[in-house]
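Q: Quick one: this structure, given as structure tokens, is what I'll be asking you about.
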Amino acid sequence: MSASISIVIPTYNEAEGIQRLVHYLLSSSNGSVTEVIVSDGGSTDSTPILAEAAGARVIHSSEKGRAVQMNAGAAAAKGDILYFLHADTFPPSDFQNSIMNSCQYGAGAGCFRLRFDENHWFLKLNAWFTKFDLDHFRFGDQSLFVLNTVFKRIGGFRKDHIVMEDQEIIYRIKKVTRFKVLPTVVTTSAQKYKENGFYRLQFIFTIIWLLYYLKVPQQKLVSIYNRLIRKSKLKN
5 MSASISIVIP TYNEAEGIQR LVHYLLSSSN GSVTEVIVSD GGSTDSTPIL
55 AEAAGARVIH SSEKGRAVQM NAGAAAAKGD ILYFLHADTF PPSDFQNSIM
105 NSCQYGAGAG CFRLRFDENH WFLKLNAWFT KFDLDHFRFG DQSLFVLNTV
155 FKRIGGFRKD HIVMEDQEII YRIKKVTRFK VLPTVVTTSA QKYKENGFYR
205 LQFIFTIIWL LYYLKVPQQK LVSIYNRLIR KSKLKN
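Under my numbering, the residues of the sequence shown are numbered 5 to 240, in order.
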């Protein structure tokens, strides 16, 4: 399959690690990655400057919020395949080949399994569940690749979703194409777990997840999230 990949990274105050990530992505490229797009949500630090200096194409989203920022990045993307990646997550070095091969054999979208950069039994257990192809275990930290045509067909991320936008879009993607969980892992930061406590944070995530499926409005979910999560970056 001769195709190109556009990587889209939503950011807000990610100056500490954005350069390392962009450098890693570009140095790992085998030619299929045509661009790394950093879609910034109004960072008050040097994230946009550092990202651009590292080789990323920076766009400034009209609003803050992962769904809106990722949609903005996708709208600017030129690649046949969109690869959405969190700013604190590193894909495997052969991620391009894995994505291209998966699409070549009929998957219109997919993700990797998860690993944390912290050697803690509870996080290892959490990550272990991501091997299963069950929607309840699909979250944005695992990254997401999707054919650009599929993304446009389903209308992108729901911009009214500030939380759970990652699970919601998987539900719609699976209605129109095959979704593949790849056998290799992305490595994501455990910093939020360290700041909030391993068990406490997972309890909060579980509560948010349950309330979402009980159809609690987004405004209420965001309010609960911001009240409970230390150093939250969600918009109020």
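A virtual CB, placed ideally from N, CA and C, is assigned to each residue, including glycine.
Comparing C-alpha positions only, which one of Asp44, Leu86 and Ala78 sits nearest to Ser66?
A: The option with the nearest alpha carbon to Ser66 is Asp44.
Q: Express the C-alpha separation of Phe207 and Leu129 in angstroms, rounding to a whole number.
A: Going by the C-alpha atoms only, they are around 14 Å apart.
Q: Run the CB neighbour count on Phe133, radius 10 Å, all protein chains shown included, and call it buried at 16 or more, exposed below.
A: It counts as exposed.
Q: Does the beta-carbon of Arg24 have 16 or more other beta-carbons within 10 angstroms, so that it is buried, or is it exposed?
A: With fewer than 16 Cβ atoms within 10 Å of its Cβ, Arg24 is classed as exposed.
Q: Where does Tyr109 land, buried or exposed, given buried means 16+ other C-beta within 10 angstroms?
A: So Tyr109 ends up on the exposed side.
Q: Let me know the alpha helix (DSSP H) ranges lying completely inside the segment 153 to 199, each 4 residues or longer, listed in chain order.
A: Listed in chain order, the complete alpha helix (DSSP H) runs (minimum 4 residues) inside the segment 153 to 199 are 169 to 180.
Q: In terms of residues, what are the limits of the alpha helix (DSSP H) holding Phe202?
A: Here the alpha helix (DSSP H) through Phe202 covers Phe202 to Tyr217.
Q: Taking the beta strand (DSSP E) that Ile11 falls in, what are its first and last residues?
A: Looking at the DSSP string, the run of the beta strand (DSSP E) that includes Ile11 is Ile9 to Thr15.
Q: Give me the DSSP bridge partner(s) of Thr51.
A: Bridge partners of Thr51: none, in fact.
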